[in-house]
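Q: One structure, as structure tokens, below. Some questions next.
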Amino acid sequence: MKKTLYIIRDIAITVGIQLVCFMVCLWIQNSTVENALIPAVSIFGVFLTSVITPGYLYGVAAAILSVLEVNFAFTFPFFHFNFSIPENMASAVIIILMALITCGFTTKIKYNKILEEEREKEKIRADIFRAVSHDLRTPLTTIYGSSSALLDTDNDFTKEQRTKMLQDIQQDAQWLFRMVENLLSITKLDSGKVKIIKTPTVLDELIDSVILKFHKRYPDQEVEIDIPDEFVVIPMDAILIQQVLINILENAVQHAKGMVHLGLKVFLVADKAVFEVQDDGCGIPEEKLKSVFYGSHEAYEVSSDCKRSNAGIGLAVCATIIKAHGGKIKAENKKNGGALFRFYLDMEEKEQA
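Quick note: the sequence shown, position 349, residue 369 per my numbering, numbers continuous.
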């Protein structure tokens, strides 16, 4: 369906540009402007079509249409096709060559851009999985060590010690589960095989669900909520957006040294819903702001008492999910200290390119 729409769009662009150029040429012919500009206008139309549309087909089609238009309406004998005159043949060859050369250059530029994007994606994937392999070791070591110690009959642990070790195993297992959940989200969305299905979601219900799940993991961390009083419905994949908000809140708990206040704010600007999560902690080092969503382990300051840095995987997932929704996400430091994460979602469903 999308492919058909793109074809219709490109045909409309080609025909539209040719019609505009034809009207301009008619105006030139009937005015005091030099008629020598007519071939230049036709060539410009072919150039424009070749740049805007993909591949060679539409550019060459525009060139052939331009040749026929100029030959029929703007060269002697008027309103008759005549390719026997050398000048007419030369104009036709020049216009078609212009289309082929322009299409070749634009196709190469677009292809190089695609290759560059793929290389960047591969680099990000490599950073993410290198970080994952680094961070999986600590919880796995803890689980293995604690379970081995509990199974060793020679160890005489008290009830409190056994309970503490079992709690550590449970916490590490829960962390591993969330890590795998995040990785699966990245893999599915990056592959392009999973389509985001947006459904109208009530903002109040979304926030309630996020806070409920967040407090199950961090019962002692208060979150200051600021959302519109009116009834707000936003098209989204609610489960994935919940994951985004929980990941950002969790990131603040793990990495914002000295944090006292953690806030979640939602407001509307024009046709966008803006979500903000902010804290009053240590902020993000300026040199690492650009890489904060790339899953790079070095992009985070991890406190010495933090057993699991999460390697930025959670934030990489956030960027992937928001991009799949057609939105934007960014991070910045507040002037009065602390970090602010902001992302935008469309209030109305839009066709994704």
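C-beta: ideal position from N, C-alpha, C; glycine also.
1) Residues in the same chain with beta-carbon distance under 7 Å from N108, minus the five sequence neighbours each way, listed in chain order, please.
2) Do you know how far the Cα of D299 is from the Cα of I189?
3) Can you pull the DSSP bridge partners for M256?
4) Between G17 and N271, how many whole angstroms is the CB-CB distance? I'm expecting something under 8 Å.
5) Applying the 10 Å Cβ sphere with the 16-neighbour rule, what's the burial state of H275?
6) Assuming V44 contacts V61 (C-beta within less than 8 Å), just tell me the rounded distance between them.
7) On a Cα-Cα basis, can you pick out the residue from Q49, G303 and L160 that is closest to V280?
8) Could you give the distance in angstroms between the alpha-carbon of D204 and the alpha-carbon of E250?
9) Tell me, which residues are paired with L360 by DSSP?
10) Go to I72, then tell me how far its beta strand (DSSP E) extends in each direction, as first and last residue.
11) How close, in whole Å, do the beta carbons of P248 and V273 come, if the pair is a contact with beta carbons under 8 Å?
12) Mind reading off the beta-carbon distance from A257 to K218? Whole number of angstroms is fine, and I expect it under 8 Å.
13) So is T24 buried or exposed if we call it buried at 16+ other beta carbons inside 10 Å?
14) Mind checking which residues open and close the beta strand (DSSP E) that includes T307?
15) Cα separation between K310 and I341?
16) Bridge partners for D192 per DSSP, in chain order?
17) Using a Cβ-Cβ cut-off of 7 Å (strictly less than) and excluding sequence neighbours within five positions of K327, which residues of its own chain qualify?
18) Using only alpha-carbon positions, find the residue among V312, N55, I37 and L365 that is nearest to P6.
19) Report all residues from its chain with a CB closer than 8 Å to the CB of N267; omit the five preceding and five following residues, and keep chain order.
20) Note the first and the last residue of the continuous alpha helix (DSSP H) segment covering V90.
21) If you compare alpha carbons, which of L284, L223 and D228 is closest to E244?
22) Between which two residues does the alpha helix (DSSP H) holding I333 run?
23) Just the Cα atoms here: how many angstroms apart are L57 and I48?
24) Helix, strand or coil for G433? Go by DSSP, reduced to three states.
25) Cα-Cα, which of T126, Q181, E352 and I231 is closest to V264?
26) Restricting to Cα atoms, I'd like to know which of A351, E142, E296 and G75 is closest to T207.
27) By the DSSP assignment, the alpha helix (DSSP H) with I245 in it spans what residues?
28) List the residues that DSSP assigns as beta-bridge partners of K128.
29) Spell out the partners DSSP gives V40 in its beta bridges.
30) What is the rounded straight-line gap between the Cα of T34 and the Cα of F125?
31) Tell me the DSSP secondary structure of H317 in three-state form.
32) Can you give me the Cβ contacts of V252 inside the same chain, cut-off strictly under 8 Å, excluding the 5 residues immediately before and after it?
33) The alpha helix (DSSP H) that contains T161, what's its start and end?
34) Return the Cβ separation of G75 and C41 in integer angstroms, given the expectation that the two are a contact with Cβ distance under 8 Å.
35) Quick check on H345: buried or exposed, where buried means 16 or more other Cβ atoms within 10 Å of its Cβ?
36) Any idea what DSSP makes of A293, helix, strand or coil?
A: Let me lay it out:
1) Mapped onto the sequence shown, residue 108 falls at position 88. Taken in chain order, the residues that qualify are N91, T95 and N102.
2) If you number the sequence shown from 1, residue 189 lands on position 169. If you number the sequence shown from 1, residue 299 lands on position 279. When the Cα atoms are used, I189 and D299 turn out to be separated by approximately 29 Å.
3) As a position in the sequence shown, residue 256 is number 236, starting the count at 1. DSSP, once it has assigned bridges, lists T219 as partnering M256.
4) Absent from the structure is residue 17, since the part of the chain shown begins at 21 and ends at 373.
5) Taking the sequence shown and counting its residues from 1, the one referred to as residue 275 is at position 255. For H275, the number of other beta carbons within 10 angstroms of its own is at least 16, and it is reported as buried.
6) Numbered from its first residue, the sequence shown carries residue 44 at position 24. Numbered from its first residue, the sequence shown carries residue 61 at position 41. V44 to V61, Cβ: 5 Å. Contact.
7) In the sequence shown, counting from the first residue as 1, residue 280 sits at position 260. Of the listed residues, the one whose Cα sits closest to V280 is G303.
8) Working through the sequence shown from its first residue, we reach residue 204 at position 184. Working through the sequence shown from its first residue, we reach residue 250 at position 230. One detail in the question is off: residue 204 reads as Leu in this sequence, not Asp. Their Cα atoms are separated by approximately 35 Å.
9) In the sequence shown, the residue the question calls residue 360 occupies position 340. Residue pairing by DSSP places L360 opposite Q298 and E352 in a beta bridge.
10) Sequence index remark: in the sequence shown, residue 72 carries index 52 (1-based). From DSSP, I72 is part of no beta strand (DSSP E) but of the alpha helix (DSSP H) over L57 to I72.
11) Reading the sequence shown from its first residue, position 228 is the one you call residue 248. Reading the sequence shown from its first residue, position 253 is the one you call residue 273. The Cβ separation is near 26 Å, so there is no contact.
12) As a working mapping, residue 257 is identified with position 237 in the sequence shown. As a working mapping, residue 218 is identified with position 198 in the sequence shown. Reading the sequence as shown, one finds Asp at residue 257 and not Ala. Rounded, the Cβ-Cβ distance is 6 Å, consistent with contact.
13) Stepping through the sequence shown from its first residue, residue 24 is reached at position 4. Answer is exposed; the Cβ neighbour count stays below 16.
14) The residue given as residue 307 occupies position 287 in the sequence shown. According to the sequence shown, residue 307 is Glu rather than Thr. Careful: E307 lies outside any beta strand (DSSP E) and carries neither H nor E.
15) Here residue 310 is taken as the residue at index 290 of the sequence shown, counted from 1. Here residue 341 is taken as the residue at index 321 of the sequence shown, counted from 1. When rounded, the distance between both Cα atoms is 18 Å.
16) On the sequence shown, residue 192 is found 172 positions in, with the first residue counted as 1. Beta-bridge pairing links D192 to no other residue.
17) Taking the sequence shown and counting its residues from 1, one reaches residue 327 at position 307. Residue placement at K327 is flagged as unreliable, the pLDDT there being 48, under the threshold of 50; the coordinate-derived value follows with that caveat. Within the same chain, K327 has close Cβ partners T158.
18) Lying before the first or after the last residue shown, residue 6 is absent from the chain, which here runs from 21 to 373.
19) Counted from its first residue, the sequence shown places residue 267 at position 247. So the list reads N202, G334, L335, V337 and C338, once near-sequence residues are dropped.
20) Translated into the one-based positions of the sequence shown, residue 90 becomes position 70. Looking at the DSSP string, the run of the alpha helix (DSSP H) that includes V90 is L77 to A93.
21) Looking up residue 244 in the sequence shown gives position 224. Nearest option by C-alpha distance: L284.
22) Numbered from 1 along the sequence shown, position 313 holds the residue referred to as residue 333. In the DSSP assignment, I333 falls within the alpha helix (DSSP H) that extends over I333 to A344.
23) Within the sequence shown, numbered from 1, the residue matching residue 57 stands at position 37. Within the sequence shown, numbered from 1, the residue matching residue 48 stands at position 28. The straight-line gap from Cα to Cα measures roughly 8 Å.
24) In the structure displayed, the chain extends from 21 to 373; residue 433 sits before or after that span and is not available.
25) To locate residue 264, count along the sequence shown from 1; it is residue 244. Nearest C-alpha to V264: I231.
26) Working through the sequence shown from its first residue, we reach residue 207 at position 187. For T207, the closest of A351, E142, E296 and G75 by C-alpha to C-alpha distance is E142.
27) Locating residue 245 in the sequence shown gives position 225, where the first residue counts as 1. Element bounds for I245: not the alpha helix (DSSP H) but the beta strand (DSSP E), E244 to D246.
28) On the sequence shown, position 108 is the one that residue 128 refers to. None, per the DSSP bridge assignment.
29) Sequence index remark: in the sequence shown, residue 40 carries index 20 (1-based). According to DSSP, V40 bridges with nothing at all.
30) What you label residue 34 is simply residue 14 of the sequence shown in a count that begins at 1. What you label residue 125 is simply residue 105 of the sequence shown in a count that begins at 1. In this structure, the CA atom of T34 is about 18 Å from the CA atom of F125.
31) Numbered from 1 along the sequence shown, position 297 holds the residue referred to as residue 317. Because the pLDDT of H317 is 43, which lies under 50, any placement of that residue in the model is unreliable, and the number read from its coordinates should be weighed accordingly. Annotated three-state conformation of H317 is helix, per DSSP.
32) Against the sequence shown, residue 252 aligns to sequence position 232. Within the same chain, Cβ atoms closer than 8 Å to the Cβ of V252 are found at V222, L223, D224, V286, L288 and A293, the five residues on either side in sequence being excluded.
33) Residue 161 sits at position 141 when you count from the first residue of the sequence shown. Its alpha helix (DSSP H) spans residues R157 to L171.
34) Here residue 75 refers to the residue found at position 55 of the sequence shown. Here residue 41 refers to the residue found at position 21 of the sequence shown. About 21 Å separates the Cβ atoms of G75 and C41, ruling out a contact at the 8 Å cut-off.
35) Within the sequence shown, residue 345 is the residue found at index 325, counting from 1. Per the 10 Å Cβ criterion, buried.
36) For this step, residue 293 is matched to residue 273 along the sequence shown. Strand, per DSSP.
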